[in-house]
Structure formats: structure tokens, C-alpha cells
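Residue numbers (our numbering): 317 to 460.
1) Is it the case that the Cβ atoms of residue 404 and residue 431 are separated by a distance below 8 Å?
2) I'd like the span of the alpha helix (DSSP H) that includes residue 446, first residue to last.
3) Where does residue 357 land, buried or exposed, given buried means 16+ other C-beta within 10 angstroms?
4) Considering Cα atoms alone, identify which of 338, 335, 346, 437 is closest to residue 326.
5) Residue 392 and residue 355 - do their beta-carbons sit closer together than 8 Å?
6) Taking its Cβ as the centre, do 16 or more other Cβ atoms sit within 10 Å of residue 434, making it buried, or is it exposed?
7) Considering only their Cβ atoms, is the gap separating residue 323 from residue 406 smaller than 8 Å?
Below, the structure is given as C-alpha cells:
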């Protein structure tokens, strides 16, 4: 397998490596499916919760590029429109990709781990995929 960051706002793997990996029968073992927490909703509208990773370390520059906040908010709102927590939706998206065999999740709390694990129970629908693709057509890869 190959390990690359892969999530709703960083789909560079699809452009650069997916075809080669498929041909060579190498799967993706993605990390950062939640874009360092930006696809959980906790940073929506510029929020910096006390004790959060960005408040403590400010290492999320990859996910603070021009247009990133708007794209992240749009994906988070899309998740809610399907009745799902943004983190659950983002993990389910990554796990639903045919080139992904497993998903490297990061969790600080047991409830975060439970949510990450429960994403395998989400049935990724064609309606969800069309909605994600529509956003991707507009915003592209804001966080490569």
C-alpha cells in the first residue's frame, strides 16, 4: 500500500497516483481523512475551540489555504443535510473509495474513535457521491 493524505478537500491522489496504483495493484492507506479536524465542523466559521489542535499548535496550514474554509464548510453542511455528523461523513467518504483498503484515523477521545469506527456502517449512496462531486467541481482541491 501507499500512504498519502486523502480527504474531501485533498483529493490529489486521484489525479496523481490512483491510475498507477490500480494498474500495479497497490492500495491507498490514507491518513488525515478529517483534514486535521477541519472536516469535523469544529472549525467552521473560523472557530478556534480552546484546547483544539489549531489553537495549541497551529499546524493546519495545509487546510488554511485560500478557499479552504468555504469548501470545508460546504462539505460539513452537506454532511448535516444527509443527517450525518461531518466527521462521520468525511470518514465514510474516504472508506467508500475503491482504491482504499483501510483508513488511518486519529482520535483524541473514545467518542471520536467510536465515530470513526462507525463510519464503516454508513452506506455511501449515489446521491451522496453526486453531491460531493458537485462541490468538487466548483472548489477543486483547495488543500493539496
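Backbone N, C-alpha and C fix where the C-beta goes; we use that ideal spot for every residue, glycine too.
By the coordinates alone:
1) The count along the chain shown starts at 1 and reaches residue 404 at position 88. The count along the chain shown starts at 1 and reaches residue 431 at position 115. A contact, by the Cβ cut-off of 8 Å.
2) Here residue 446 is taken as the residue at index 130 of the chain shown, counted from 1. First-last of the alpha helix (DSSP H) with residue 446: 442 to 455.
3) Taking the first residue of the chain shown as position 1, residue 357 is located at position 41. Under this definition residue 357 is a buried residue.
4) Along the chain shown, read from residue 1 onward, the residue named residue 326 stands at position 10. Looking at the Cα atoms, 346 is the closest of the given residues.
5) Against the chain shown, residue 355 aligns to sequence position 39. Against the chain shown, residue 392 aligns to sequence position 76. In this structure, residue 355 places its C-beta atom within 8 Å of the C-beta atom of residue 392.
6) Indexing the chain shown from 1 puts residue 434 at position 118. Label assigned to residue 434: exposed.
7) On the chain shown, residue 406 is found 90 positions in, with the first residue counted as 1. On the chain shown, residue 323 is found 7 positions in, with the first residue counted as 1. The answer is yes: Cβ separation under 8 Å.
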